[in-house]
Amino acid sequence: MTATGALEGRGLARRFGGVTAVSGVDVRIVPGRVTLVLGPNGAGKSTLVNCLTGVDQPSEGNVFLDGKDLTGKTSNRFAQLGVARTFQHARPFRGLTLAENVMVGAHGRTRAGFVRGTLRTPFARREEAELRQTASLLLAEVGLEGREAGSPNDLTLEEERRLELARCLAGNPHILLLDEPAAGLGEDEATALATLVRNLCVDHGLGVLLIEHHLELALSLSDSVLVLDFGKPIFEGTPTEARLDPAVRTAYIGAEGDQ
Amino acid sequence: MAIRRYLVALLALFLPLTLAGCGSSEGGSSGGGESGPIKIGAVLGISGRFAFVGKPQEQALKLAEEKINADGGIDGRKVQFVIYDDEVDETKTVPLVNRLISEDKVVAIIGPSITVPALAIQSVVDRAKIPNMTLTSKAIWEGSKDSYIFQTTPREEVEVKSILSFLANKVGAKSVGVIYDRQPYGTGNLAIIEKFAGDFGLKIVAKEGIESADTNADAQVARIKAAKPDAVILWVGDPGASSVAKAMQQAGLHIPMIGSSAIAGPTFAKLGGKAAEGVYSDSTYNTSNPPANQKEFLTQFAAKYGAPPTQFAGFAYDAAFALKGAIEKAGGKTDGESIRQGLLDMAPYKGVVATFDFTADNHNGIANGPLFYIIQVKDGAYKVVYDTRQQ
Amino acid sequence: MSILVNLMSVDYAQVLATGTTYGAIFGAIALGYHLIYVSSGMLNFALGEQLAISGLGVISLQAFGLPLIPAIMVALLVAGLFGAGYERIALRPAMRMGLIGPLIASVGVSIVIAQGRVLIWGPNPRPFPPFTGEPNQAVDFLGGRWQIQSFWIIGLVTLSTLCLLVFLRYTSLGRAWRATSQSPVGARLSGINPSLIAMSSVALASVLVTVAGIAIAPLVLAGGFYGLNFGVRAFAAAILGGFSSTGGVLVGGLVIGLLDAWLAAALSVAWSEIALYGLLILVLLIRPTGFFGREVVTRS
Amino acid sequence: MRRGAAWSSWLSPAVVLLLVVAFALTQGSFYRLQLGTLAGIYAIAVIGLTLLFGGAGQISLGHAGILGTSAFITANLTVSHGWTPLTAMVPAVAGATLMGLLLGWSALRTTGHYLALVTLAFGLMFSEFGRTVFSAGWYGVPPLTLGPLDLGDSQRMFVAVWAVVVASLVAVLLLVKSRFGRSLAALRDDPVAAAASGIDLARTKIAVFAIASALGGVSGWLFAMYQGSVTETSFSFMLSFNLLIMAVIGGLGSPLGAIVGSVFLVVVPEFGREYEDFRLLGYGVALLLVLGLLPGGIASVGRVLADLVLRRSGSATPAVSGK
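Protein chains in written order, with the working numbering: chain H, 1120 to 1378; chain Y, 126 to 516; chain F, 49 to 348; chain P, 40 to 362.
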């Protein structure tokens, strides 16, 4: 069911009315590698992620997963095919417990419908039990161990982000798009997160797209870099090349000064 | 925490029910017993869209209660009317009738005011063997020999035929347009008009639905006008009826219009103002020169409530006195069987609307002959202009 | 085929007369919905019932000896205070349930108004004289029969809309209202109290529908059962006009008024109601944001 | 939702059942049994609505049309075509569910106030249609019989209706804790994130409308036999709003609250029949009071009291945050 190939955007553009948020972007997220997307605020990074995950539809260009054209598909299709994402501002389900939040993330790969769920067939019970266990493990993995029954309303913004990461992982994705996962984290926590991302990538073979403002941390993590400015790609290459590129330095460091 | 929440919630759930029990148990003393007042129930559409029917009926029953008790009660016992408002919503009518039977312990039930709820309680009263004086013009009792339902209102076709004969013989109309209430009250009579119009040489060229509560009839009148009838029949209550009159005036459509007895009261003339002038209606009251059986009721009602009674008020008043006669005929016995037999056995009762002679085959008791006066609004009040009884 | 013929063979001049008159009223109520919705996100179903009782209020004030114009002024003042009051004690507290709360609370307010009306004025509606001329006096205009009162209605609704626009543009409260409708957060940051804006919106809307209610009373009686009927049509007008566009909801009112009049003339009244609701559903499904609404850009 | 969910989801149905049976056995009064039956019939529909409103954050202002569809089909088949009530249930509930599917399909195209208007227009269209085409209504719907068991008797009908209520309650309580229930909550809390988690919003919306409508269908079917007659007036716009009010004042999103709300709304207006003029006014005021003072509905009275007594602070009532 789950594909294993790369997620690829070709010639992507997105316009809102007269405003062009993204144009002419090609991007490829390959399993086992981290692709970093850099750019100042408003450069169109989140819009790009939205277009790549079906949350938003590109005005031009196509999105492929494992060579198959998924343009125009809704985001649940992407999720079911193993493409998971976090949001810049975490979006937990506030009426559910933490464990249930994570369990929702597994929706695409679980099967019990409302009939089996209501009748509590052996199949549904087994699936629920497994899922509950997975949720506990994942919560522990992101540092929320033992808080299965807690409410997202009691979490800090940063904890909400970690919860969202656990929710993503519950779906067993092979492509993960992380929209500023380390925003608001301290140095230590950011490093821990970096280790986690690296582990996922190397040990589990996930392809990761990362949007991040912790420049050094992000560069050290990534295998390739894409820099956007006013929606257009101004640089593509390795982290080492990116460090040296003058255009990147102006665009990026200029933006960093804003923060 | 969780347990407590559930328990309190459940308590909240059943508290109202238990309270409902306490609240009404004190009223449980039997109206059918040998002492205390005789209780007669009534379910009327006192509020809501048919308040123009139910409210005067409530007033008539209160007047009847006063009068009966002042004259020594029924067989020496006082009478008490227990009156509930069903808002002409049969979802409310059915439980209220059950409340009258099982909690208030009434010996008979008057009402409902309107056809739909009346039909809905048919099986309830028949099963409980409680005499029911229905106040609608539909002969609900027909077809069931053992029915406990009786009727003090003229049957639909009696009134319809009066109107049709007036239009054909007196107005000389050849074609009519009908504006009818979209509730069964109007649609039922529309069917009867359609059935008998041909007998009177009348052709129905347009029929338009309206609600009694409507206050704008421009569209209906425009369509009637387009069909060019000689006259208009109006089978709807107020304010719908007066809105039709106004719309006709505004549209410059000056042809004879006759309304059912629903508009034979002061409201139509008041709401219609100038537009109501010249409109006909039918009534069982001879307001110009009332005979003895009507005079007392008409004057006492007007004195008590400041306005003359409607037709509907008379139906309820007659129902109350018919029950009084039946209980007296039964020798004061108040079980359902005895009262029913009393209604069948008693001498013809000369009521306000008509003279009633209930038989096993005819629970209406009004002869199917002409019964109505045709009245017309002149200077803001109805005057009798024609007597269908004499044709 | 005959249905098609029926649909087309209609007295269009008369449709124009009736449709414009009632369309103006629908537009005024829709404008009330719009005022409240844009500034607070609340939907207020009580406006229809408020419209229905406004004529009764004027009649009672006249019974106290006030001449017509002062009676109307006092009625408008009372309506505004009443609106502000129930926003505070009924709609706002229900906000805690989310936006569905005020909607249900406004139904509660409608029930209170409708029942209070029966207690104060009794169950029967009352005739209300037209502002000028005889009752039901009509003139020929553009090929149709127009009631004299129709011109009053159209004129008054236009006038009060203009007053409202001037108010929103040139007063500080108006500017605050517009700021809030564009960006509630931004408005709060610049020191505007959004809850005060919401309260004054309901008050303004109440005054607006009361003007409309008094104007229409000579045609449909004061205190009839038309509150719901008008309220739903105005709701449709507001949706058709895109809810967030001031001009749009007025045009929406006119469109619904004309459509209503046309369908009623072409079909029977019963079928025209069914057709109207059917059309409404269809339009919403085909164009969910109405015809004048801005496309809502959702960003994550 | 907690670990103890297993027992607590069985506790309330069990207690409801117990109280119902006790009530049925001790009541000789037709009137009170009938009110109880009517409350139960509405409760079934309202339980469905809680799933729709509270569970999935969708709205329907035309639910009377759903109940009405089912009741019309039941009445037409039994009265005019001689079907037994039991066999009429299948097309009746299927018809209601079909209407629900259509409404659910509308919910794909419209949200928020627009969906409110679509459903409102549906409800109004239904009652206009009923008034125009079926104005005569149907009378003499036979009582329900299950083999030798005749449910025409008020007491038995009461118990039968409440058995269905309890079954619906159990089903919905189980449902909300299942995978499907979580997807409803996700849809309600954040549709964008729900979709990004792999939830098919379209299917979920259509399914929840279908389930709510199926329960509405059962309710309408029972109503036809309870009342014995079916006319459009029983399914007017006011019923839609009353059902909504029942769902809200009981406690939005709580199936138990649905039962509390239904009983409350059917029984409370019957008080003060002696003060006829003030009765409905009081009903409106009571509604506003509950809305203003008890955002969690009447079912939350216990929690509110406990909070007051124990002076608990902090996270007792989770803030409902928009967006």
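Ideal Cβ positions, reconstructed from N, Cα and C, are used throughout, including at glycine.
None of the values given here were measured: they were computed from a predicted structure.
Look at F/Q195 here: in three-state DSSP terms it is strand.
Within the segment 148 to 169 of chain P, no residue has its Cβ closer than 8 Å to any Cβ of chain Y. DSSP places Y/Q205 in the uninterrupted beta strand (DSSP E) bounded by 204 to 210. In the three-state scheme derived from DSSP, where H, G and I count as helix and E and B as strand, P/V205 is classed as helix. For H/R1129, the three-state secondary structure derived from DSSP is strand.
DSSP places F/P178 in the coil class of the three-state scheme, outside both helix and strand. Residues of chain F with a Cβ closer than 8 Å to the Cβ of P/L320 are, in chain order, I159, V160, Q163, G164, L167. Under the Cβ criterion (8 Å, minimum of three pairs), the segment 224 to 242 of chain P counts as touching the segment 1203 to 1218 of chain H. Exclusion of the five residues before and after H/R1147 leaves A1125, E1127 as the residues of its chain whose Cβ lies within less than 6 Å of its Cβ. In summary, Y/K508 is exposed, with fewer than 16 beta-carbon neighbours lying within 10 Å of its beta-carbon over all protein chains present. Think of a sphere of 8 Å around the beta carbon of P/A175: the chain Y residues whose beta carbon falls inside it are P309, T312, G313, in chain order. In this structure, Y/A245 is the residue among Y/A253, Y/A245, Y/I255, Y/E284 with its C-alpha nearest to the C-alpha of Y/I265.
In terms of Cα proximity to P/Y322, the closest of P/I337, P/V340, P/F303, P/P334 is P/F303. Residue-level contact check: P/F62 does not touch chain H, since none of the beta carbons of chain H fall below 8 Å from its beta carbon.
When beta bridges are read from the DSSP output, H/P1352 appears opposite H/L1347. Shown here, F/Y274 sits in coil according to DSSP, grouped into three states, outside any helix or strand. For Y/Y474, DSSP records a beta bridge to Y/F481. Rounded to whole angstroms, the separation of the alpha carbons of Y/N418 and Y/K475 is 7 Å. By the C-beta density criterion, Y/H379 is exposed, having fewer than 16 other C-beta atoms within 10 angstroms. Residue state for H/G1326 is assigned as strand, using DSSP reduced to three classes. In this structure P/A263 touches P/V269 by the C-beta definition: roughly 5 Å separates them, less than 8 Å. With respect to H/T1172, H/R1133 sits apart: the two C-beta atoms are not nearer than 8 Å. Any Cβ of chain P closer than 8 Å to the Cβ of H/S1339 would place that residue at the interface, and such an atom is absent. One finds D343, A344, Q345, A347, R348 in chain Y with Cβ atoms closer than 9 Å to the Cβ of F/A312, taken in chain order. Take F/Y274, set aside five residues on each side of it, and the residues of its chain with a beta-carbon closer than 7 Å to its own are A100, V268, in chain order. By the 16-neighbour rule on beta-carbons within 10 angstroms, Y/D306 is buried.
What F/S316 touches in chain Y, judged by beta-carbon distance under 9 Å, is K332, E333, G334, A344, Q345, R348, going in chain order. With a threshold of 16 other beta carbon atoms within 10 Å, Y/A472 falls short and is exposed. Neighbours of Y/K371 in chain F, taken as residues at a C-beta separation under 8 Å, are given in chain order as P183, N184.
When secondary structure is reduced to three states using DSSP, Y/V404 falls in the coil class, being assigned neither helix nor strand. Per DSSP, the beta bridge partners of Y/A356 are Y/V301. Residues of the segment 1188 to 1217 of chain H with a C-beta atom less than 7 Å from some C-beta of chain P are T1193, S1194, N1195, A1198, Q1199, R1204, F1206, R1210, F1212, R1213, G1214, L1215, T1216, listed in chain order. The distance from the Cβ of Y/A394 to that of Y/A506 is about 6 Å, consistent with a contact at the 8 Å cut-off. If you draw a straight line from the Cα of Y/F446 to the Cα of Y/A189, it is about 8 Å long. Below the 9 Å Cβ cutoff, chain Y contributes no neighbours of F/F278, its closest Cβ being approximately 10 Å away. For Y/S287, the enclosing alpha helix (DSSP H) covers residues 281 to 290.
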